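Trainee:
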Amino acid sequence: MLSAYTGSSVRAAESPLLEAGLGDELMQRAAHGLAQAAAGELSATGGTYGRSVVVLAGSGNNGGDALYAGARLQQRGTGTTAVLTSERVHAPALAAFCAAGGRVVALSDSTLDSAAARVSAADLILDGILGTGGVGGLRGLAAALIERVNARGTVGTVVACDVPSGVNADTGEATGHLLSADLTITFGALKSGLLIGAGARAAGRVATIDIGLGETLPEPDLYSLEPADFRHLYAQPQPADHKYSRGVLGIAAGSAMYPGAAVLATGAALATGVGMIRFLGPERVTALINTVHPEVVCSQGSVSDSHVQAWLVGPGATEDPGQRQRAREAISSGLPTIVDAGALPLLPDTVGAHVILTPHAGELAALFERRGDAVDRTAIEADPAGFARRAAQATGATVLLKGYTTVVAASTGETFVQANATPWLATAGSGDTLAGILGALVATHAANATNNDAGSLPGVPPPARWAVLAAAGALLHGLAGRRAAKRGPIVVSGLPRHIGRVIHDLLQDPPSTQPQ
Ligand SMILES: NC(=O)C1=CN([C@@H]2O[C@H](COP(=O)(O)OP(=O)(O)OC[C@H]3O[C@@H](n4cnc5c(N)ncnc54)[C@H](O)[C@@H]3O)[C@@H](O)[C@H]2O)[C@H](O)CC1
Ligand SMILES: [K+]
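Structure representation (structure tokens):
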């Protein structure tokens with residue numbers, strides 16, 4: 001599991017070290033890590049000697065890191081040019097850069113075009129315009145330079161220093177022009193803004209350099225599950241299990257208008273692994289489910305008459321009074337319940353953390369509006385973690401907000417962000433399969449909660465266990481999508497096949513613990 005911290009908390013953790021006079025030492029460690037990583041990129045594409053490097057240096061310490069790293073690269077034989085984007089610059093770092101033989105260009109209206117051409121043609125670019133001290137997007141000459149560079153394109157590797165300049169290190173928000181990185185080298189601790197939103201899109205690969213902040217860091221701001229975590233969260237069938245002990249999931253999904261959503265959600269739940277599915281819906285939909293998924297037990301009955309350990313309600317279930325009634329009853333049943341799509345408007349004022357909402361940004365905006373809290377959809381997209389937390393806190397539910405990165409917020413504040421998906425998953429029916437995956441994980445967890453530790457992770461407080469499971473669902477969905485997309489555009493009805501294979505792979509022993 002990855003832990004990420006806001007830029008402000010990393011700055012706060014640095015401050016006692018700065019007060020102890022270790023500022024230069026920290027910067028040298030950062031520059032060393034950055035130069036090593038940059039040299040690694042150059043080595044992978046033909047070596048460091050004679051290669052052209054451009055350092056984009058802003059006015060603060062971020063520019064200082066990049067200039068010191070540029071000096072180290074120059075000493076290793078690169079031809080390095082620093083483009084100073086501000087009149088102010090970290091003076092000792094600039095002096096070290098010049099002493100190492102680096103060339104300097106001060107950005108001005110008259111040098112903009114030639115600087116942009118140089119950046120575009122460089123083998124490697126170190127982006128040190130703004131780091132955690134950046135407020136808002138790039139401005140002035142720096143913004144004009146990046147606009148020109150983006151118009152030309154870059155041939156070389158872009159390595160961002162701490163964060164891609166202009167990305168808010170706390171929220172991942174970014175306005176205006178950004179230079180997207182191939183690699184971001186971040187210092188002291190992983191920044192939240194690199195895992196989420198525009199920051200995640202711009203960061204490329206991310207590596208963290210330890211600069212010795214150690215125990216001065218506070219509790220993480222965000223968590224992100226890694227594939228290796230999945231096996232600790234998945235309730236594997238045990239020898240003594242039978243279909244009821246394995247987990248029974250009730251699904252009330254689909255309607256005469258949208259029967260397909262029910263097929264997709266049910267197929268994904270089956271593929272994720274569950275003891276039994278009891279499916280409730282109108283006749284037209286149950287007949288279809290019976291045909292496509294004969295192992296599912298179908299009825300047109302009620303929630304109170306169905307013995308299950310968890311519910312999934314809502315996919316494709318708009319404008320069907322019977323399905324709405326079932327959704328309401330499931331939400332108030334006290335059982336863990338995934339509330340998706342058509343069931344979201346039926347949410348009472350407050351619920352418990354065992355109720356997991358799965359809105360996309362538009363549905364979350366509508367949820368806020370129904371509660372008299374008008375929020376613009378674009379505001380939610382710009383700060384998904386902030387708004388997922390706000391929704392979880394307001395409703396008491398666990399909130400999984402779908403998007404380029406999927407955010408899961410526990411009502412107690414713990415927040416997970418998963419960027420495992422592929423844009424190929426942005427296709428109709430994809431959300432229904434995510435809901436099915438979540439339903440199966442939650443049902444098997446509920447059935448097994450007393451005899452294994454599924455749903456808990458070291459370092460994550462127990463109240464967040466529903467959020468952990470939901471994040472595991474997002475991870476699985478994203479990986480299945482990636483696997484499916486290897487063969488071209490995703491056909492969602494074929495996704496369950498990939499879900500099963502991804503689970504198989506994720507449950508294998510890690511190589512280090514396999515017998516020789
Ligand atoms: N503090 C340390 O010991 C270490 C810091 N490291 C690196 O330092 C940066 C943070 O440095 P800081 O000087 O605080 O901030 P920035 O470099 O991000 O720049 C602030 C600078 O820029 C001006 N500014 C703010 N917003 C804008 C804007 N939108 N457009 C233009 N200019 C802007 C502002 O006036 C300031 O002057 C951190 O990210 C690390 O890279 C190292 O980790 C070593 C230890
Ligand atoms: K930067």
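The letter at position 302 of the sequence shown is residue 302 when you use UniProt numbering, and the numbering goes up by one with no holes. Beta carbons: idealized from backbone N, C-alpha and C, even for Gly. No experiment lies behind these values; they were computed from the predicted model shown.
(1) Would a C-beta distance cut-off of 8 Å place residue 310 and residue 270 closer than the cut-off?
(2) At 4 residues or longer, what runs of the alpha helix (DSSP H) sit wholly inside the segment 263-321?
(3) What do you reckon, are the CB atoms on residue 174 and residue 198 nearer than 8 Å?
(4) Considering only the alpha carbon of each residue, which of 94, 411, 362, 236 lies closest to residue 468?
(5) Please classify residue 16: does DSSP put it in a helix, a strand, or coil?
(6) Just to confirm the assignment, what range does the alpha helix (DSSP H) spanning residue 40 have?
(7) In whole angstroms, what is the alpha-carbon distance linking residue 20 and residue 26?
(8) I'd like to confirm something about residue 97: is its beta-carbon nearer than 7 Å to some heavy atom of ligand 1, or not?
(9) Counting along the chain, where does the beta strand (DSSP E) carrying residue 244 start and finish?
(10) How should residue 307 be labelled, buried or exposed, when 16 other C-beta atoms within 10 angstroms of its C-beta is the threshold for buried?
(11) Could you tell me the alpha carbon to alpha carbon distance between residue 8 and residue 186, rounded to whole angstroms?
(12) Taking only the alpha-carbon atoms, compute the straight-line gap between residue 414 and residue 252 and give it to the nearest angstrom.
(13) Cα-Cα, which of 405, 406, 388 is closest to residue 398?
(14) Three-state secondary structure (DSSP) at residue 223?
(15) Using 8 Å for Cβ pairs, my map puts residue 278 next to residue 297. What's the rounded Cβ distance?
(16) At a cut-off of 7 Å, is residue 61 close to ligand 1 when judged by its beta-carbon and the heavy atoms of the ligand?
(17) For residue 465, count the other beta carbons within 10 Å of its own beta carbon; 16 or more makes it buried, fewer makes it exposed. Which is it?
(18) DSSP three-state label for residue 71, please.
(19) Give the single residue among 3, 368, 333 whose Cα lies nearest to the Cα of residue 351.
(20) Assess contact between the segment 42-49 and the segment 61-71, defined as three or more Cβ pairs (one per stretch) separated by less than 8 Å. Is contact present?
(21) Any heavy atom of ligand 1 closer than 7 Å to the Cβ of residue 134?
(22) Return helix, strand or coil for residue 250, following the three-state DSSP convention.
(23) Please go through the same chain and pick out, in chain order, the residues whose beta-carbon is closer than 7 Å to the beta-carbon of residue 144, but skip the five residues on each side of it.
(24) What separation, rounded to the nearest whole angstrom, lies between the Cα atoms of residue 384 and residue 5?
(25) For a test of the three-state rule: what should DSSP assign to residue 238, helix, strand or coil?
(26) Identify the continuous alpha helix (DSSP H) that holds residue 481 and give its terminal residues.
(27) Comparing alpha-carbon positions, which option in 336, 1, 18, 371 lies nearest residue 345?
(28) For residue 247 versus residue 281, is the C-beta distance shorter than 8 Å?
(29) Relative to the alpha-carbon of residue 354, which residue among 335, 343, 180 has its alpha-carbon at the smallest distance?
(30) Given this structure, state the Cα-to-Cα distance separating residue 164 from residue 325, to the nearest angstrom.
(31) Compute the beta-carbon to beta-carbon distance between residue 89 and residue 70, rounded to the nearest angstrom, for a pair I have assumed lies under 8 Å.
(32) Closer than 7 Å: is that where the CB of residue 200 sits relative to any heavy atom of ligand 1?
(33) What would DSSP say about residue 418, mapped onto helix, strand or coil?
(34) Tell me which residues share the same chain as residue 396 and place their Cβ nearer than 8 Å to its Cβ, disregarding the 5 neighbours each side in the sequence.
(35) Report buried or exposed for residue 205, applying the criterion of at least 16 other Cβ atoms within 10 angstroms of its Cβ.
(36) Would residue 366 and residue 316 qualify as a contact pair, given that the criterion is a beta-carbon distance under 8 Å?
Mentor: Put simply:
(1) For the purposes of this step, residue 310 is taken as residue 310 along the sequence shown, with counting starting at 1. For the purposes of this step, residue 270 is taken as residue 270 along the sequence shown, with counting starting at 1. No, Cβ-Cβ distance for residue 310 and residue 270 is not below 8 Å.
(2) Taking only runs of at least 4 residues, the alpha helix (DSSP H) segments lying wholly in the segment 263-321 are 283-292.
(3) Residue mapping note: residue 174 aligns to position 174 of the sequence shown, counting from 1. Residue mapping note: residue 198 aligns to position 198 of the sequence shown, counting from 1. It is a contact, given that the beta carbons lie within the stated cut-off.
(4) Position 468 of the sequence shown, counted from the first residue, corresponds to residue 468. Of the listed residues, the one whose Cα sits closest to residue 468 is 411.
(5) Mapped onto the sequence shown, residue 16 falls at position 16. Taken through DSSP and simplified to helix, strand or coil, residue 16 comes out as helix.
(6) If you number the sequence shown from 1, residue 40 lands on position 40. Run containing residue 40: 23-44, per the alpha helix (DSSP H) assignment.
(7) Taking the first residue of the sequence shown as position 1, residue 20 is located at position 20. Taking the first residue of the sequence shown as position 1, residue 26 is located at position 26. Cα atoms of residue 20 and residue 26: separation of roughly 11 Å, rounded to the nearest angstrom.
(8) Start at 1 with the first residue of the sequence shown, and residue 97 comes out as number 97. Incorrect: residue 97 has no Cβ contact closer than 7 Å to ligand 1.
(9) On the sequence shown, position 244 is the one that residue 244 refers to. Following the DSSP letters along the chain, one finds residue 244 in no beta strand (DSSP E) but inside the alpha helix (DSSP H) bounded by residues 243-246.
(10) Counting from 1 along the sequence shown, the entry for residue 307 is found at position 307. Under this definition residue 307 is an exposed residue.
(11) Numbered from 1 along the sequence shown, position 8 holds the residue referred to as residue 8. Numbered from 1 along the sequence shown, position 186 holds the residue referred to as residue 186. Roughly 14 Å between the two C-alpha positions.
(12) To locate residue 414, count along the sequence shown from 1; it is residue 414. To locate residue 252, count along the sequence shown from 1; it is residue 252. Cα-Cα distance, rounded: 29 Å.
(13) The sequence position of residue 398 within the sequence shown is 398, counting from 1. Minimum Cα distance to residue 398 is reached at 388.
(14) Start at 1 with the first residue of the sequence shown, and residue 223 comes out as number 223. Three-state result, residue 223: strand.
(15) As a working note, residue 278 is residue 278 in the sequence shown. As a working note, residue 297 is residue 297 in the sequence shown. With 8 Å as the limit, residue 278 and residue 297 qualify as a contact, their Cβ atoms being about 5 Å apart.
(16) One-based indexing of the sequence shown puts residue 61 at position 61. Relative to ligand 1, residue 61 has its C-beta within less than 7 Å of a heavy atom.
(17) As a first step, residue 465 is located in the sequence shown; it is residue number 465 there, counting from the start. In summary, residue 465 is buried, with 16 or more beta-carbon neighbours lying within 10 Å of its beta-carbon over all protein chains present.
(18) Along the sequence shown, one-based indexing puts residue 71 at 71. Residue 71 falls in the helix class under three-state DSSP.
(19) Looking up residue 351 in the sequence shown gives position 351. When each option's Cα is compared against that of residue 351, the closest is 333.
(20) By the Cβ criterion, the segment 42-49 is not in contact with the segment 61-71, since fewer than three pairs of Cβ atoms, one from each stretch, lie closer than 8 Å.
(21) The sequence position of residue 134 within the sequence shown is 134, counting from 1. Flag set: Cβ of residue 134 near ligand 1.
(22) Locating residue 250 in the sequence shown gives position 250, where the first residue counts as 1. DSSP, read as helix, strand or coil, puts residue 250 in strand.
(23) As a position in the sequence shown, residue 144 is number 144, starting the count at 1. Here the set comprises 112.
(24) One-based indexing of the sequence shown puts residue 384 at position 384. One-based indexing of the sequence shown puts residue 5 at position 5. Going by the C-alpha atoms only, they are around 16 Å apart.
(25) The residue you call residue 238 lines up with position 238 of the sequence shown. When DSSP states are grouped into helix, strand and coil, residue 238 belongs to the coil group.
(26) Numbered from its first residue, the sequence shown carries residue 481 at position 481. Element bounds for residue 481: 465-485.
(27) Taking the first residue of the sequence shown as 1, we reach residue 345 at position 345. Each of 336, 1, 18, 371 was checked against the Cα of residue 345, and the nearest Cα belongs to 371.
(28) As a position in the sequence shown, residue 247 is number 247, starting the count at 1. As a position in the sequence shown, residue 281 is number 281, starting the count at 1. No, the pair does not count as a contact, with Cβ atoms beyond the cut-off.
(29) As a working note, residue 354 is residue 354 in the sequence shown. Residue 335 holds the alpha-carbon nearest to the alpha-carbon of residue 354 among 335, 343, 180.
(30) For this step, residue 164 is matched to residue 164 along the sequence shown. For this step, residue 325 is matched to residue 325 along the sequence shown. Rounded to the nearest angstrom, the two C-alpha atoms are 48 Å apart.
(31) Taking the sequence shown and counting its residues from 1, one reaches residue 89 at position 89. Taking the sequence shown and counting its residues from 1, one reaches residue 70 at position 70. That pair is no contact at about 12 Å.
(32) Position 200 of the sequence shown, counted from the start, is the residue given in the question as residue 200. Incorrect: residue 200 has no Cβ contact closer than 7 Å to ligand 1.
(33) Numbered from its first residue, the sequence shown carries residue 418 at position 418. Shown here, residue 418 sits in a strand according to DSSP, grouped into three states.
(34) Residue numbering aside, residue 396 sits at position 396 when the sequence shown is read from its first letter. Result list for residue 396: 350, 351, 352, 353, 355, 411, in chain order.
(35) The residue given as residue 205 occupies position 205 in the sequence shown. Result: exposed.
(36) Counted from its first residue, the sequence shown places residue 366 at position 366. Counted from its first residue, the sequence shown places residue 316 at position 316. With respect to the 8 Å criterion, residue 366 and residue 316 are not classified as neighbours on the basis of their beta carbons.
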